[in-house]
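Whatever position you read off the sequence shown (first residue = 1), add 831 for our numbering.
The C-beta atom is built at its ideal place from N, Cα and C for all residues, glycine as well.
What follows is a short report on a single structure.
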Amino acid sequence: MRRTFRVVAAVAAAVMLVGCGDGGGEGAATNKAEWEAQHGELVAAYSRDLTAVLNTINQGERTTTMATCNQVIDDANEVKEKALPVPNAAVDTALRKAVDIGLSAADNCLKGARNTEAHAVEVAQREFAEAREAMDEAEAAIEAWT
């Protein structure tokens, strides 16, 4: 009897998780047009953030660098919360990578800017470049998505 209850409870929990998803906010999109309509502007803003932070972090202006790193964090978290998962595996994989690396880079960026720690800034520069590459992959996958 206990075993049956555990199995039923596990199945019910799995059904609830599938129904809820792990993102998508206002209803998960099922195709490219829906996904782009719901999340295209946000993803484009995150892409612009990565470009801006790469330009800014190399200038050495602490206040501007911190502001752009904070913007990356804000938009990356919003992409993570609202635009993921993407109903296309190639886009989903590349976008998740761009977001995860971007968040790590932004944390290192802020650490370096706050503490004038050159090594953290150098790590952030490398990570932002990796995040930009992953974002380029995501954008190419979005373009190829039919």
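In chain order, 906 place their CB closer than 6 angstroms to the CB of residue 876, counting only its own chain and leaving out the 5 sequence neighbours on each side. DSSP, read as helix, strand or coil, puts residue 889 in coil. If you draw a 10 Å sphere on the C-beta of residue 943, you find 16 or more other C-beta atoms in it, and that means buried.
Here the stretch 926 to 935 does not lie against the stretch 864 to 873, with fewer than 3 beta-carbon pairs under 8 angstroms apart.
Inter-residue distance for residue 935 and residue 864 is about 30 angstroms (C-alpha atoms, whole angstroms). When secondary structure is reduced to three states using DSSP, residue 862 falls in the coil class, being assigned neither helix nor strand.
Going by DSSP, residue 928 is part of the alpha helix (DSSP H) stretching over 920 to 946.
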